[in-house]
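As given, the protein sequences belong to chains A and B, one line each in that order. Those letters in the first sequence? Residues 0 to 559, per numbering that gives the first Met the number 0, in order. Those letters in the second sequence? Residues 0 to 576, per numbering that gives the first Met the number 0, in order. Read through the structure below, which is laid out as structure tokens, and then see the notes.
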Amino acid sequence: MTARALIRRSLSRHRRPLTGSALLLVLWQACEASVPVLIGLVIDGAVVTGEWRDLAVWAVALTALFCCLSYAYRFGARLGVGAAQLEMHQLRMEISEHVLAPRGARTRLLPGEILSLATSDAEQVAVGMRMLTHLLACMASIGVGAWALLRIDAGLGLVVLVGTPVVLGLIQLATPRISRHTAEQQETIGRATGMATDLVRGLRPLKGIGAERTAAARYRSLSEAARDASIRTTSSYGRLSGLSTTLTGLFLALVALVAGRLALDGEITIGELIAVVGLAQFLAEPMGSIGEISARLASSFASAGRIATFLGTPPLVLDGSRTPADDQPQLHVDGVNAAPLDGLSLQTRAGELLGVVVTDPAAADTLVALLRGELERDKRTGGVRLGDVEYDDLKLDALRRHVIVNRHHADIFEGTLRSNIAAADEPHLTAVLDASAVDDVVALHEDGVDHATAADGSTLSGGQRQRLALARALAAEPRILVLHEPTTAVDAVTEQRIAEGIRRLRHGPGSDRVTVILTSSPALLAQADRVLLLTDGRVSAEGSHHDLSADPAYQAAVLR
Amino acid sequence: MNRNLLPIASTRDTAHLAWQLLKQHRGALILSALAFAGAGLCGVVAPWLLGRIVDGVRDDAAESVVTQAVIGIAVAAVLGGILTAVAASFLARAGEPALASLREQVVDRALGLDSGRLEEAGAGDLLSRVGDDVRSIANSLVEVVPLLIQSAIAVVFTAGGLFALDWRLGLAGLATAPFYVFALRWYLPRSGPYYARERVAQGERAEALVSGLHGAPTLRAFSREHQQVDRIAEASNAARGLAVDVFKLLTRFFARNNRSELIGLLFILGTGFVLVRDNLTTVGAVTAAALYFHRLFNPIGALLVLFDDLQSAGASLARLAGVARLPQPEPPTATVGGKPLLRMTGVSHEYVEGRPVLTGIDLEVAPGEKVAMVGATGAGKTTLGAIAAATLAPSSGEVTLGGVPLADTDVRDHVVHVSQEVHVFTGSVRANVDLARPKATDDEVRAALDTVSATPWVDALPDGWDTVVGDHGHPLTPAQAQQLALARVVLSDPEVVVLDEATAEAGSAGARSLEEAATAAIAGRSAILIAHRLTQAARADRVIVLEHGKMVEVGTHDELIASGGRYAALWEAWSAE
Numbered sequence: 000m001t002a003r004a005l006i007r008r009s010l011s012r013h014r015r016p017l018t019g020s021a022l023l024l025v026l027w028q029a030c031e032a033s034v035p036v037l038i039g040l041v042i043d044g045a046v047v048t049g050e051w052r053d054l055a056v057w058a059v060a061l062t063a064l065f066c067c068l069s070y071a072y073r074f075g076a077r078l079g080v081g082a083a084q085l086e087m088h089q090l091r092m093e094i095s096e097h098v099l100a101p102r103g104a105r106t107r108l109l110p111g112e113i114l115s116l117a118t119s120d121a122e123q124v125a126v127g128m129r130m131l132t133h134l135l136a137c138m139a140s141i142g143v144g145a146w147a148l149l150r151i152d153a154g155l156g157l158v159v160l161v162g163t164p165v166v167l168g169l170i171q172l173a174t175p176r177i178s179r180h181t182a183e184q185q186e187t188i189g190r191a192t193g194m195a196t197d198l199v200r201g202l203r204p205l206k207g208i209g210a211e212r213t214a215a216a217r218y219r220s221l222s223e224a225a226r227d228a229s230i231r232t233t234s235s236y237g238r239l240s241g242l243s244t245t246l247t248g249l250f251l252a253l254v255a256l257v258a259g260r261l262a263l264d265g266e267i268t269i270g271e272l273i274a275v276v277g278l279a280q281f282l283a284e285p286m287g288s289i290g291e292i293s294a295r296l297a298s299s300f301a302s303a304g305r306i307a308t309f310l311g312t313p314p315l316v317l318d319g320s321r322t323p324a325d326d327q328p329q330l331h332v333d334g335v336n337a338a339p340l341d342g343l344s345l346q347t348r349a350g351e352l353l354g355v356v357v358t359d360p361a362a363a364d365t366l367v368a369l370l371r372g373e374l375e376r377d378k379r380t381g382g383v384r385l386g387d388v389e390y391d392d393l394k395l396d397a398l399r400r401h402v403i404v405n406r407h408h409a410d411i412f413e414g415t416l417r418s419n420i421a422a423a424d425e426p427h428l429t430a431v432l433d434a435s436a437v438d439d440v441v442a443l444h445e446d447g448v449d450h451a452t453a454a455d456g457s458t459l460s461g462g463q464r465q466r467l468a469l470a471r472a473l474a475a476e477p478r479i480l481v482l483h484e485p486t487t488a489v490d491a492v493t494e495q496r497i498a499e500g501i502r503r504l505r506h507g508p509g510s511d512r513v514t515v516i517l518t519s520s521p522a523l524l525a526q527a528d529r530v531l532l533l534t535d536g537r538v539s540a541e542g543s544h545h546d547l548s549a550d551p552a553y554q555a556a557v558l559r
Numbered sequence: 000m001n002r003n004l005l006p007i008a009s010t011r012d013t014a015h016l017a018w019q020l021l022k023q024h025r026g027a028l029i030l031s032a033l034a035f036a037g038a039g040l041c042g043v044v045a046p047w048l049l050g051r052i053v054d055g056v057r058d059d060a061a062e063s064v065v066t067q068a069v070i071g072i073a074v075a076a077v078l079g080g081i082l083t084a085v086a087a088s089f090l091a092r093a094g095e096p097a098l099a100s101l102r103e104q105v106v107d108r109a110l111g112l113d114s115g116r117l118e119e120a121g122a123g124d125l126l127s128r129v130g131d132d133v134r135s136i137a138n139s140l141v142e143v144v145p146l147l148i149q150s151a152i153a154v155v156f157t158a159g160g161l162f163a164l165d166w167r168l169g170l171a172g173l174a175t176a177p178f179y180v181f182a183l184r185w186y187l188p189r190s191g192p193y194y195a196r197e198r199v200a201q202g203e204r205a206e207a208l209v210s211g212l213h214g215a216p217t218l219r220a221f222s223r224e225h226q227q228v229d230r231i232a233e234a235s236n237a238a239r240g241l242a243v244d245v246f247k248l249l250t251r252f253f254a255r256n257n258r259s260e261l262i263g264l265l266f267i268l269g270t271g272f273v274l275v276r277d278n279l280t281t282v283g284a285v286t287a288a289a290l291y292f293h294r295l296f297n298p299i300g301a302l303l304v305l306f307d308d309l310q311s312a313g314a315s316l317a318r319l320a321g322v323a324r325l326p327q328p329e330p331p332t333a334t335v336g337g338k339p340l341l342r343m344t345g346v347s348h349e350y351v352e353g354r355p356v357l358t359g360i361d362l363e364v365a366p367g368e369k370v371a372m373v374g375a376t377g378a379g380k381t382t383l384g385a386i387a388a389a390t391l392a393p394s395s396g397e398v399t400l401g402g403v404p405l406a407d408t409d410v411r412d413h414v415v416h417v418s419q420e421v422h423v424f425t426g427s428v429r430a431n432v433d434l435a436r437p438k439a440t441d442d443e444v445r446a447a448l449d450t451v452s453a454t455p456w457v458d459a460l461p462d463g464w465d466t467v468v469g470d471h472g473h474p475l476t477p478a479q480a481q482q483l484a485l486a487r488v489v490l491s492d493p494e495v496v497v498l499d500e501a502t503a504e505a506g507s508a509g510a511r512s513l514e515e516a517a518t519a520a521i522a523g524r525s526a527i528l529i530a531h532r533l534t535q536a537a538r539a540d541r542v543i544v545l546e547h548g549k550m551v552e553v554g555t556h557d558e559l560i561a562s563g564g565r566y567a568a569l570w571e572a573w574s575a576e
């Protein structure tokens with residue numbers, strides 16, 4: 000989809016409210032343009048004549064105009080805002096659903112960047128949609144003003160209609176300077192506030208080293224830069240505002256000169272003179288708005304382009320059509336080359352706890368991506384099979400039914416310990432809490448397993464988060480579970496408990512479940528049925544933890 | 000959860016503080032006020048002279064009346080423009096430095112907060128103050144405040160102009176004021192709570208989005224993505240509903256403004272009609288009055304709409320003032336010399352009353368001695384470390400350094416604490432390290448990086464140690480981040496170091512090199528090591544096993560192994576062969 004297509008789609012799915020909104024806003028602006036004309040008419044038709052009846056008639060007319068103006072705006076704007084808010088919501092959901100699709104999305108964007116797509120870019124597109132209706136309205140009011148002016152006096156009308164855009168154009172000449180200053184100001188303020196939040200987030204390490212003064216001094220220099228940029232921006236805003244005061248004032252003087260002479264010559268009435276002057280003042284508004292709106296539309300267009308590109312990114316994993324013939328398929332890695340993996344082959348066996356020691360962290364990351372099915376086909380040779388089916392042809396549901404690959408990073412969600420773990424039932428929950436040593440965490444809180452967790456688990460320590468993520472993986476009871484460094488933030492005592500717990504929970508007598516643990520922890524490896532050592536991207540040694548312990552390469556890799 | 004938020008200053012205190020900051024720029028402030036007033040005066044010249052033209056036309060006056068009036072309008076335009084520019088510029092010269100001092104003071108106090116207090120308030124509270132509140136005021140100072148002042152001045156002077164034309168026309172205009180006030184008093188009490196709810200709803204929406212985006216891989220792995228999509232939809236829809244409701248309220252407010260505008264026009268035209276009929280004033284004066292009032296539509300509208308912005312900027316200001324007015328930490332009173340001994344006597348601590356985390360700890364760390372602390376999660380290791388580093392004051396007991404109570408010393412000159420949190424500060428690698436000693440020379444910083452074996456990867460970065468790291472910068476592994484923290488220790492060169500699980504996050508291969516870096520960083524210093532890997536404990540001079548807040552075993556590695564107690568069991572599990 001292109002930016003243009005996305006905008007067209009946005010407009011067409013809110014066609015009715017937008018059309019209604021545009022019509023009402025056109026009416027509103029036409030009424031606004033008529034106010035100065037009507038003031039002239041009241042003075043001409045009632046104040047000058049001194050007839051009570053005339054005054055009553057014109058007062059009713061003025062009231063009718065205001066009613067029309069007020070209601071037209073109220074309902075026109077509401078229709079537009081309603082449509083814009085709905086569109087924003089729809090775009091936001093499309094973006095979220097794209098990322099959270101079962102197949103994922105290969106977006107290569109950071110979460111923060113996607114967040115800004117889903118909030119500010121979606122808003123830009125929706126606002127742009129509304130701006131189009133306002134653009135029509137501005138054009139309508141200029142039309143009405145022009146018509147009134149030309150009817151009063153063709154020459155005078157031309158002076159106003161040509162002069163106003165010229166004045167606005169001159170003012171516009173100053174805006175690139177302002178936008179440069181504003182951008183600079185926003186950037187310096189952004190940098191200063193960015194530093195302040197960064198310092199607060201790192202307050203403990205900062206205080207641990209006693210660097211508060213230094214940090215405050217560094218902040219001060221950024222704050223002073225922001226101050227100077229702000230002074231420049233405000234001053235240039237002031238100059239712009241002054242320039243516009245001067246130019247519109249001079250233009251008004253010109254109009255007054257021409258219109259005053261015409262009135263003196265009796266060519267136009269006093270009411271018309273007033274209408275001309277009032278219109279000359281009023282028309283600057285819609286003309287100015289057109290300039291602003293076009294700038295706004297340009298940025299909506301850019302936002303639409305970003306969203307369209309994002310929604311077009313390919314999925315992260317493939318979704319084939321086959322399911323394994325065996326109902327207890329094993330994982331087979333067949334000669335995978337994908338830097339730094341170099342001809343890696345391995346198979347899981349029913350019921351085993353397999354330890355995998357990887358010397359190169361990058362190789363471990365690649366292996367995890369491979370087992371998740373997220374390693375692109377053109378970035379590797381060889382592949383992974385589940386039973387007799389290549390991942391590339393495998394139905395996503397089948398993969399999900401058999402295998403869970405738990406990342407090293409522990410994502411904790413807002414809710415409770417219980418909701419994060421999501422165990423099937425209470426006895427199973429108890430068993431999982433024990434195996435993952437989360438029961439230590441539960442014991443710390445009065446409300447136990449119903450203790451609230453903040454978004455991103457920010458109220459928990461690193462070790463607690465890690466154990467909670469482990470508990471979730473164990474509670475899901477997958478037939479094949481892959482764990483990546485599950486205990487790096489856990490103390491030695493607890494690590495020992497967890498190692499025994501995983502064994503007890505998943506590998507009791509007769510169990511055919513498979514657990515693959517990528518780790519260098521001796522406590523975990525000691526529990527494994529089989530251990531593979533990966534060096535230079537392939538399996539270089541295989542055996543039990545005990546057997547391998549004599550191997551110097553293994554000793555070097557496994558920390559003790 | 001009920002949080003004990005940081006203080007918010009009262010209106011009085013906020014105003015007092017704002018005045019304290021502004022009065023240092025009194026000259027600029029006065030000049031700005033004078034220029035604003037002058038610009039306002041120039042603004043009322045045009046409608047008045049237009050009225051003169053109308054009268055001239057009615058009286059069939061000479062053309063010179065028109066010409067003079069036009070010249071007057073032109074002069075007022077030029078003068079008004081210049082004064083507007085001058086006023087804004089002087090306002091910036093007064094306001095911006097005052098705001099800068101305020102935010103610097105806020106950050107200064109924020110950095111002085113003790114971490115316990117910060118935890119009570121939640122980091123989010125402080126983050127939103129130093130971030131959103133500062134930004135909101137900075138933006139409003141550029142756009143809202145000048146516009147507000149201009150509008151207010153336009154309103155005041157135009158009202159004055161109405162009275163100057165004819166006091167009865169003035170009264171007619173003034174009679175509109177109550178209608179505007181009614182509109183505002185109808186709107187404000189309704190809009191405030193709505194805006195607050197809208198902000199909360201937007202916060203929840205962002206929260207749902209962020210956790211969905213961050214957690215997407217996990218959600219997909221566990222087939223839970225639908226739940227999160229539903230949560231986002233719910234939050235987004237709630238925010239949408241509120242935004243629409245808020246806007247409906249706003250349009251009803253605008254309708255009330257339109258009504259006031261109509262009433263004002265009718266008052267003025269009606270009064271003018273009567274006055275002209277009775278020959279008490281001229282048609283030109285009525286024209287000028289009507290034009291005056293028509294010109295007021297925009298400034299009055301701006302004033303009313305900006306009222307919201309002003310209120311929210313005021314709220315932000317009060318939140319900043321609350322932090323800025325916090326007392327400054329007391330300077331240390333005692334100094335410690337030489338290679339001091341760290342002694343803890345009868346130290347106990349409880350975060351929540353009745354739930355002791357540490358009880359009766361007596362510990363001496365001799366100069367140069369390395370003490371390793373071992374124990375399960377929740378045994379009190381981190382708390383003990385924080386107390387030893389004076390990051391936390393114990394509930395009872397005493398900690399001294401070289402015989403001086405720790406709290407009275409210039410503690411960071413002697414004791415450095417590397418906590419569990421790994422944080423990479425946004426900025427260059429060099430700036431991350433020399434935070435510990437900003438005046439350090441290149442050679443000294445390089446030596447510190449060498450000591451912790453960080454030089455090879457630092458040199459391999461795109462711009463060497465000038466490479467920007469941290470948020471949006473070049474990503475570092477947790478092990479590299481921790482190496483920078485250790486380099487800071489080396490550069491800071493303290494006598495005592497407390498290292499809390501400093502190698503925890505490193506994972507497989509990284510942990511080994513990190514352990515070596517830690518060993519190098521604490522060489523020649525006293526150290527308390529909160530050990531994760533038992534290898535660290537094995538290398539220490541003394542090992543302490545903590546259990547439920549008590550020291551249950553103390554001795555060298557070999558002694559404890561020989562005694563066959565808890566440590567020996569742990570070691571056996573750890574080195575199982």
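By construction, the Cβ of each residue, glycine as well, lies at the ideal position given by its N, Cα and C atoms.
Could you round the C-beta distance between residue i and residue j to whole angstroms and report it? I think they count as a contact, below 8 Å.
i, j, result
"B:L485", "B:A516", "5 Å"
"B:V56", "A:I269", "6 Å"
Can you name the residues of chain A whose CB is closer than 7 Å to the CB of residue i?
i, result
"B:R57", "I269"
Would DSSP call residue i helix, strand or coil?
i, result
"A:P485", "coil"
"B:K369", "strand"
"B:V282", "helix"
"B:E576", "Because B:E576 carries a pLDDT of 45, less than 50, the predicted location of this residue cannot be relied on, and the following value inherits that uncertainty. B:E576 falls in the coil class under three-state DSSP."
For residue i and residue j, what's the separation of their Cα atoms in angstroms?
i, j, result
"A:V316", "A:G103", "7 Å"
"A:H13", "A:A421", "40 Å"
"B:E660", "A:I208", "Only positions 0 to 576 of chain B appear in this structure, which leaves residue 660 of chain B out of reach."
"B:L362", "A:A210", "28 Å"
"B:R541", "A:R217", "40 Å"
"A:G381", "A:V335", "4 Å"
"B:N236", "B:E514", "50 Å"
"B:A572", "A:V513", "24 Å"
"A:E445", "A:L340", "48 Å"
Whose Cβ in chain B lies nearer than 8 Å to the Cβ of residue i?
i, result
"A:D387", "Within chain B, no residue comes near A:D387; the closest Cβ sits about 23 Å away, beyond 8 Å."
Notebook entry, point to check: Counting pairs of beta carbons, one from the region 338–355 of chain B and one from the region 447–466 of chain A, are three or more of them closer than 8 Å?
Noted result: No, the region 338–355 of chain B does not touch the region 447–466 of chain A.
For the 8 Å Cβ check, are there 3 or more pairs between the region 184–193 of chain B and the region 273–283 of chain A? Per the Cβ contact rule, the region 184–193 of chain B is not in contact with the region 273–283 of chain A (fewer than 3 Cβ pairs under 8 Å).
Worksheet item: So does the region 459–474 of chain A actually touch the region 400–410 of chain A, counting three or more Cβ pairs closer than 8 Å?
Response: yes
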